[in-house]
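In the UniProt record's numbering, the protein residues as written are 1 to 449. Here's the structure, in structure tokens; my notes come after.
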Amino acid sequence: MNTADEVVSRLLLPAKHFAPVELEVLRDSSEVASSLSFVKEKQLSVVISAPRCFIDRTGLGFLPVKDGLQYPVFDNQIILLGDSTLPEVNLLLPYTAASASSASQSRASRGHASYVQCSIDVPALGGFSHTTAVTQDRCFSLCMNTEKIDPAETGGVLSRVVSLLPEYIISNFLHNTIYYRQYGTQGSAIEVKPNSSYPVYWSSADLPFAFQFRPGTTEGYAWSGPIIASEEFAGQNWLVLYNGISNSTPGVFDVEVCPDHGVKSVSLRHSGEASGGYVVINKCKALQKVMVHTYHYEMAVSNSSSGSLRPGSESDGAPKVPDFDFHFFAHYGESIHFGWPFPFTYPSRPCQVLLWIDSRTVAPKKPIALDLRVPQHKRYEVSLGLRNMPRIIVRTEKRGDCVVIEVRSKPGTGDLASPDDVAVGEERRQGASSRGEGQSRKKEGKEKL
1 MNTADEVVSR
11 LLLPAKHFAP
21 VELEVLRDSS
31 EVASSLSFVK
41 EKQLSVVISA
51 PRCFIDRTGL
61 GFLPVKDGLQ
71 YPVFDNQIIL
81 LGDSTLPEVN
91 LLLPYTAASA
101 SSASQSRASR
111 GHASYVQCSI
121 DVPALGGFSH
131 TTAVTQDRCF
141 SLCMNTEKID
151 PAETGGVLSR
161 VVSLLPEYII
171 SNFLHNTIYY
181 RQYGTQGSAI
191 EVKPNSSYPV
201 YWSSADLPFA
211 FQFRPGTTEG
221 YAWSGPIIAS
231 EEFAGQNWLV
241 LYNGISNSTP
251 GVFDVEVCPD
261 HGVKSVSLRH
271 SGEASGGYVV
281 INKCKALQKV
291 MVHTYHYEMA
301 VSNSSSGSLR
311 PGSESDGAPK
321 VPDFDFHFFA
331 HYGESIHFGW
341 PFPFTYPSRP
351 CQVLLWIDSR
361 TVAPKKPIAL
371 DLRVPQHKRY
381 EVSLGLRNMP
391 RIIVRTEKRG
401 DCVVIEVRSK
411 PGTGDLASPD
421 DVAVGEERRQ
431 GASSRGEGQS
441 RKKEGKEKL
């Protein structure tokens, strides 16, 4: 115990069969008089409190230990910790596997055949730290943070809660069940039901901490690319999934990463139910549809490298992605979300825009190339070179949380009084071909989706 002259002192209270816990002694009644009505400022009083309380919020049953002894547990949940001058605390996880793992992992080790033991730094107030605990077939990535308890609940004394939590959490805000697994593994997937959250743990500590997901089992979606939950990708990331069902459009999802006190939460939403995103809007009656083609510049380089987070072979019967670029179509009056297949792997956000005059004719001759990594206001004007056809304005801009590609007719051009379907047939195709403004596409059914 510290000297009696100090207002606040600490002592280690021994206990039989348990590790000693640290208590704090406060000798100044003025510090607590405002919180405890029965204590007067001029009274001689001593307040004894626990400065650090440990709570395991992982649901796994981790126990802090000291020299093989557990700390005492109160109310089946709260555990008082020991000497605060020690930077680390040892954690013990009961484990029923018969054989021990021979692999040694950074700061986690097998202490006994029936236990998994790891150590972690106890963070200062408001801070956090990380560690991993490795079993024979699972790697648990953990986060510890320290928060102050409201003085109104502790009689005015300063007490802290040291919480152990999963480092990664996935939340499913889709209308159907999703499955996730560690990227690069072919093992069983973990099910996450709609409107529920689940901790993300790993099959291997030797692989990067990245996971992939797939909506349902009958919706036809392929597995996603890697999702890396880190501060670098904080915010919304717009990911597209290939759908192998005939005539199905690609699925676009909002993958939102929210780091908070060391815990990385990943929320999955369908693009139509999320705020913001990348949207193509077709406001031109003269066009059959507008196409946006998305891809990654880096794919050509990464496909020749074997060490990066890139698509691998699938052996579980899931639909395979034929190509890693996607096409999105917006008919007149439609607003369609679009995205990229590997937003967590490649930083580029390029796309191309083509205007479909009819099912066999597109313009311009060279697609409009856009780089949406840094959204900017840009305006393009396209002349189709066809009789009674207006000039087309293609504009990109940021609107609130959305990055918009808008296509509309230029006012005062074309025969606006004629019906929308005038000159859609052979006259348009011949006119576009003679002026070199169009590009024939005779196999629309073989679009790479």
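The beta-carbon is built from N, C-alpha and C at its ideal position, and this holds for glycine as well.
{"Check": "Could you tell me which residues DSSP puts in a beta bridge with residue 223?", "Outcome": "Beta-bridge pairing links residue 223 to no other residue."}
{"Check": "Less than 9 Å between the C-beta atoms of residue 64 and residue 79, yes or no?", "Outcome": "yes"}
{"Check": "How long is the line joining the alpha carbons of residue 162 and residue 146, rounded to whole angstroms?", "Outcome": "5 Å"}
{"Check": "Would you mind working out which of 345, 27, 359, 140 sits nearest residue 329, comparing C-alpha positions?", "Outcome": "359"}
{"Check": "Take residue 122 as the anchor and find which of 138, 141, 164, 140 has the nearest alpha-carbon.", "Outcome": "164"}
{"Check": "Using the Cα positions of residue 192 and residue 381, report the straight-line distance between them to the nearest angstrom.", "Outcome": "47 Å"}
{"Check": "According to DSSP, is residue 389 part of a helix, a strand, or is it coil?", "Outcome": "coil"}
{"Check": "In the DSSP output, what is residue 92 paired with across the bridge?", "Outcome": "63, 117"}
{"Check": "Below 8 Å, how does it come out for the stretch 342-350 and the stretch 365-373: are there three or more Cβ pairs, yes or no?", "Outcome": "yes"}
{"Check": "Indicate the three-state DSSP secondary structure (helix, strand or coil) for residue 317 in the structure shown.", "Outcome": "With a pLDDT of only 41 at residue 317, under 50, the local geometry of the prediction cannot be trusted, and the value read off the model is given with reservation. Coil, per DSSP."}
{"Check": "Measure from the alpha carbon of residue 280 to the alpha carbon of each residue in 47, 128, 131, 399, then state which is nearest.", "Outcome": "399"}
{"Check": "How should residue 379 be labelled, buried or exposed, when 16 other C-beta atoms within 10 angstroms of its C-beta is the threshold for buried?", "Outcome": "exposed"}
{"Check": "Where does residue 172 land, buried or exposed, given buried means 16+ other C-beta within 10 angstroms?", "Outcome": "buried"}
{"Check": "Measure the Cβ-Cβ separation of residue 14 and residue 66 and say whether it is below 9 Å.", "Outcome": "no"}
{"Check": "Tell me the DSSP bridge mates of residue 137?", "Outcome": "None, per the DSSP bridge assignment."}
{"Check": "Starting from the C-beta of residue 220, find all residues in its chain whose C-beta is less than 8 Å away, skip the five residues before and the five after it, and write them out in chain order.", "Outcome": "243, 244, 245, 248, 319"}
{"Check": "Less than 9 Å between the beta carbons of residue 391 and residue 383, yes or no?", "Outcome": "yes"}
{"Check": "Quick check: the Cα distance between residue 310 and residue 241, rounded to an integer number of angstroms?", "Outcome": "Note that residue 310 scores 45 on pLDDT, short of 50, meaning its location in the model is unreliable; the coordinates nonetheless yield the value given after this. Each residue's alpha carbon lies about 15 Å from the other."}
{"Check": "What three-state label does DSSP hand residue 233 in the structure shown?", "Outcome": "helix"}
{"Check": "Under the rule that 16 or more other beta-carbon atoms within 10 Å means buried, what is residue 12, buried or exposed?", "Outcome": "exposed"}
{"Check": "When the Cα atoms are used, what is the spatial distance from residue 321 to residue 17?", "Outcome": "Low per-residue confidence applies at residue 321: pLDDT is 39, beneath 50, and the placement is therefore not dependable, though the value from the model is reported in the following sentence. Spanning the two alpha carbons is a distance of roughly 59 Å."}
{"Check": "Measure the Cβ-Cβ separation of residue 404 and residue 397 and say whether it is below 9 Å.", "Outcome": "yes"}
{"Check": "Who are the Cβ neighbours of residue 343 in its own chain at under 6 Å, not counting the five residues just before and after it?", "Outcome": "237, 239"}
{"Check": "Rounded to whole angstroms, how far is the Cβ of residue 89 from the Cβ of residue 55, which I believe are closer than 8 Å?", "Outcome": "That pair is no contact at about 13 Å."}
{"Check": "Tell me, please, which residues DSSP counts as bridged to residue 254.", "Outcome": "238, 269"}
{"Check": "Is any beta-carbon of chain B found at less than 9 Å from that of residue 23?", "Outcome": "Judged by its chain identifiers, the structure shown contains no chain B, having just a single protein chain."}
{"Check": "Quick one: measure Cβ to Cβ for residue 282 and residue 346, integer angstroms, because I've assumed they're closer than 8 Å.", "Outcome": "So it is not a contact: roughly 27 Å between Cβ atoms."}
{"Check": "Work out the CA separation of residue 270 and residue 254 for me, nearest whole Å.", "Outcome": "6 Å"}
{"Check": "Do you know whose CA, among 224, 168, 377, lies nearest residue 262's CA?", "Outcome": "168"}
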